[in-house]
Each structure stands twice: as structure tokens, then as C-alpha cells.
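Taking it in order: structure first as C-alpha cells, then the write-up.
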Amino acid sequence: MGVRGRGFPGAAQALLLLLLLPPPPLLTAAVLPSPAHVLELAEDVDECAQGLDDCHTNATCQNTPSSYKCSCKPGYQGEGTQCEDIDECENKLKGGCVHDCLNAPGNYRCACFDGFVLAFDGHNCLDVNECLKNNGGCQHICVNLIGSYQCSCKEGFFLSDNQHTCIPRSEESLSCMNKNHSCSHICKEAPKGRIVCECRPGFQLSLNLRDCIMTCNHGNGGCQHSCEDTAEGPKCSCHPLYKMDVDERSCLEPEGTASEMTKSNATSEVDGDKRVKRQLLMGRHLTTLYATVLVHLPSQLTTSGLNLGPMCPQSCWTRVSSSGQARGI
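According to mature numbering (1 follows the signal peptide of the UniProt record, and there is no 0), the residues represented by the sequence shown are -29 to -1, 1 to 300, in order.
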């Protein structure tokens, strides 16, 4: 009779435990970068420094890890690989210029009509007092006007055709020599003892054929900013950033107070002397001045009489403090 084997009494229990217990975590090997890849990460190529970028001429290149970034310079717009000039003069604010705005690549300049000078902020235009220098060339009396000036004579004299010198008044019969003709500007002798009145350039003869009406072509019509010719004469308006003063000719800053430059009329004898002097026609010829926040010294004046400064970037808007120093906004 054979012996009946009992097997392994713990084998079934062990198998049951293996089935019920969760499997042990698997051991994984860490994957490390190759030495060549580590060297590549450590030594990033500066495409900007080596000229390997495709940034536009009017863009700046900024190096980044394993790449680079192109950004258009101020005054330009685009994605960086292509940059186009921004025309600051094309909107209704004209870049903040109160007279004329002249666009330039990546920048712009403000220009003032003849009879005005560019303010320290590079945008506003202030009247030049021509009477401060040599009495404006007037023999007797010089009267400063916004954008121009005029001469007058003392009692017993009348203004000659050149509008600067004075001639003694005669008591003889009606003629251009005795000033009884009542012509506002110029008197011309005509056949049969008649006289004809004419006006200086920039003015037009009124319906009475004796008086002369100012137009926008003379000293900007007496307007500090904008001038429009109407049947009643010049009509003044201000740049959208300013508002009209009570005289309906001058313009005030948006805070409601006249700028300190306007109050003091920051022109000097040097300003008047260095500008092209106008004898009769103070027309709307443009005097191009660079938009600048610097005070122009006499040594900076050119032989042509223009006080030039560096071109003004978009961020250089300034105001003048009470001490006369320019400060950025």
C-alpha cells in the first residue's frame, strides 16, 4: 500500500497571497541626455550677434534660448521681419503739431508758419515779436500782431508805400501825398487827378475800394493755430488738444491756463534777428524746425537763420516748468 503524499501545505496559501496582493513597483532606468545634447543646451547660439537673424532693418533683434525675437523700432509697425513707417501726421491730431506736421522715416517734425517760432515742446507755435529787434524796421511806431506786425506814423505823417517809412503830410489838394485819400495801405495816382487804393500782399480790397481786409495769407490771419478765410475775414480755430481763448485768436492748453511759454512770449531779440525778416508779405511760408525739447542756444543757429535740434522720438513730449526747464511727461 502506497503512502499518500500530503504535498506542500503552504503552497496554496502562498499562491492565493500572490493573487490578492498588488504587484510590486517596476524598476525603471532613468533616461539621461547624451553628452552632445547637454553641450548643445549649454552653448546657445546668439543669432542676433552673429547676424543669423532675419529681422527687418528697422527692427531690433533680441536673443532668446535656442531662438531670437524681432521687434519693430519706435515709429514703425509690423511683425519684426517686416516693418513699415507709421505716418504720425495722417490723423486729425497731426502728431500734436498745431501748424504743419512733416512725416519722416520712423519719426516726424512739426513746422510753424512764418511769423511764429516752435515752442520748447516741439509742437506748439508761438508768435514772434518782430518789434523787439530794430523796431521791426518801422521808422516811427511798431505794433506787434499775432503772426505779423505793422508800422504806424506819428501825428502829421503818413505811412509810405513800403509800409515802414513815414512821410510828412501835405495840406494840398487830394493826392497820394497828403493822406486825405483814406487808402488803408497803398495809394496810386491815376489819370485825371484820380487815386486808386491797393492792398499789401496777403490783404484784399474791401467793397469801399479803400479799406484792406486781412486774409490767412498774412501772418496766418492773426490766428495762433489755424486760419480760415471767410466773407467776414479770417476765422481762427485751435488744434484739438487746445481751446480758444477769449480773444478768439489765441489758444490755451487743455488745462485751461495759457502755457508759460505763451504768457512770457518766449521769443527774444535773437529769435527775431535770426529769422528771415519780412518787409511786406508775412505769408504762410513754412519754417521747418526739428521737434525738440532743448533750448536752442545762439551757437546752434545755422547761417540760414533756422534753429535746429535733434529729431524728437515719439516718447519725448514735454512741458516747460515754471523754472523754464523741460520735463518729460
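Even glycine gets a Cβ: it sits at the ideal position worked out from N, Cα and C.
Values in this document were obtained by computation on a predicted structure and should not be read as measured data.
- Task: Give the DSSP-derived three-state secondary structure of Asn191 in the structure shown.
- Result: Asn191: helix per DSSP, three-state reduction.
- If we ignore side chains and look at the alpha-carbon of each, how far apart do Cys43 and Glu55 end up? Rounded to the nearest angstrom, the two C-alpha atoms are 9 Å apart.
- Item | Paired residues, beta bridge with Ser123 - DSSP | Residue pairing from DSSP places Ser123 in a beta bridge opposite Ile112.
- Item | Length of the line joining the Cα atoms of Asp25 and Asp58 | Approximately 24 Å, taken between the alpha carbons.
- Look at the alpha carbon of Ser208 and the alpha carbon of Arg140, and state the distance between them as a whole number of angstroms. C-alpha separation (whole angstroms): 40 Å.
- Query: If we count the other Cβ atoms within 10 Å of its Cβ and call it buried at 16 or more, is Thr186 buried or exposed?
  - Reply: Taking every protein chain shown into account, the CB of Thr186 has 16 or more other CB atoms within 10 angstroms, so this residue is buried.
- Roughly how far, in whole angstroms, is the beta-carbon of Cys81 from the beta-carbon of Gly93, given that I think they are within contact range, below 8 Å? Taking a contact as a CB-CB distance under 8 Å, the pair Cys81 and Gly93 counts as one, their CB atoms being some 6 Å apart.
- Task: Determine, using beta carbons only, whether Arg171 and Gly193 come nearer to each other than 8 Å.
- Result: With respect to the 8 Å criterion, Arg171 and Gly193 are not classified as neighbours on the basis of their beta carbons.
- Status (buried if at least 16 other CB within 10 Å, exposed otherwise) for Ser119: Using a 10 angstroms sphere on the CB of Ser119, the tally of other CB atoms reaches 16 or more, which defines it as buried.
- Query: Asn191: which of Val167, Phe87, Ile157, Asn62 sits nearest, CA to CA?
  - Reply: Checked all of Val167, Phe87, Ile157, Asn62; the closest Cα to Asn191 is Phe87.
- Going along the chain, which residues of its own chain have a beta-carbon closer than 6 Å to the beta-carbon of Ser197, five neighbours each way excluded? Correct list, in chain order: Ser208.
- Item | Nearest residue (CA-CA) to Cys222, options Gly77, Ala20, Asn95, Asp17 | Residue Asn95 is the option with its Cα nearest to Cys222.
- Item | For Gly204, the three-state DSSP class (helix, strand or coil) | Here Gly204 sits in strand by DSSP.
- Item | C-alpha distance - Val99 paired with Gln121, whole-angstrom precision | Computed Cα separation, rounded: 13 Å.
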